[in-house]
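Protein chains in written order, with our numbering: chain A, 788 to 904; chain B, 66 to 177.
If you want it as structure tokens, here you go:
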């Protein structure tokens, strides 16, 4: 199992960014996927989930601003980040839903998003 | 939201020693389906987190039996025996019983 994030960078407040997570080594279409973030020097903060059938759930802090999606043909997970705020500055990890549910069994290496003017 | 409280914030242990980390949730983590979705993760320095334990006491693939999880309801414990240098890092508990999924604030393990 391998998860590789990309698309991070420095962006101004109010702007947008789209993160990607390329998956390999498993049947991507069969698994739910999560985004989790970690602000610099802080703990883990769950962001969003998309099921194998593309049902979605969001943390209140990002609801209405972030959109999680997936392209099973490309084995890729996405996170569209709009109306970015300084408090969105973090490393963003994609993670696979564990087989038993309720956990994250494989994580990517993370991608840094910095929101600053 | 379910608040996860981890203690201690940090601890130092000698190689070969044993440590326990406590995690308490503000609500019962027993799901309607009868499962308890409490997991433990280790984030080694400069790395992404890795799953150690799922559903309270089940070791993930490839995880040493030096790691053990226990507990029920709202009180959970991670025990690490025969501590090795590679065990250093920050340990997080996490609940996946109800959205939003939440994590404890972490316990930093240092080797004396």
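The C-beta atom is built at its ideal place from N, Cα and C for all residues, glycine as well.
Looking at the unbroken beta strand (DSSP E) that takes in residue i, where does it start and where does it end?
i: residue 70 of chain B; result: 69–72
i: residue 157 of chain B; result: 154–160
i: residue 902 of chain A; result: 898–902
For residue i, does the count of other Cβ atoms within 10 angstroms reach 16, so buried, or fall short, so exposed?
i: residue 789 of chain A; result: exposed
i: residue 868 of chain A; result: buried
i: residue 885 of chain A; result: buried
i: residue 162 of chain B; result: buried
i: residue 120 of chain B; result: buried
i: residue 825 of chain A; result: buried
Taking C-beta pairs closer than 7 Å, name the residues in chain B that residue i reaches, listed in chain order.
i: residue 820 of chain A; result: Near residue 820 of chain A there are no residues of chain B at all, since even the closest Cβ is about 13 Å away, more than 7 Å.
Is residue j closer than 8 Å to residue i when the C-beta atoms are compared?
i: residue 863 of chain A; j: residue 855 of chain A; result: no
i: residue 176 of chain B; j: residue 142 of chain B; result: no
i: residue 871 of chain A; j: residue 801 of chain A; result: yes
i: residue 116 of chain B; j: residue 891 of chain A; result: yes
i: residue 76 of chain B; j: residue 148 of chain B; result: no
i: residue 894 of chain A; j: residue 113 of chain B; result: yes
i: residue 873 of chain A; j: residue 900 of chain A; result: no
i: residue 889 of chain A; j: residue 104 of chain B; result: yes
i: residue 830 of chain A; j: residue 171 of chain B; result: yes
i: residue 134 of chain B; j: residue 118 of chain B; result: yes
Taking residue i as the query, report the chain B residues whose CB atoms sit under 9 Å from its CB, ordered along the chain.
i: residue 864 of chain A; result: Under the 9 Å cutoff, chain B gives no residues; its nearest Cβ is about 15 Å from residue 864 of chain A.
Listing by chain order, which chain A residues have their CB less than 7 Å from the CB of residue i?
i: residue 102 of chain B; result: 888, 889, 890
i: residue 114 of chain B; result: 831, 894
For residue i, return the contacting residues in chain A, with the cut-off set at a CB-CB distance below 8 Å.
i: residue 120 of chain B; result: 887, 889, 890
i: residue 157 of chain B; result: 830, 831
Task: Whole runs of the beta strand (DSSP E) within the region 792–853 of chain A, excluding any shorter than 3 residues - done: 796–798, 804–811, 820–825, 831–837, 843–845, all fully within the region 792–853 of chain A.
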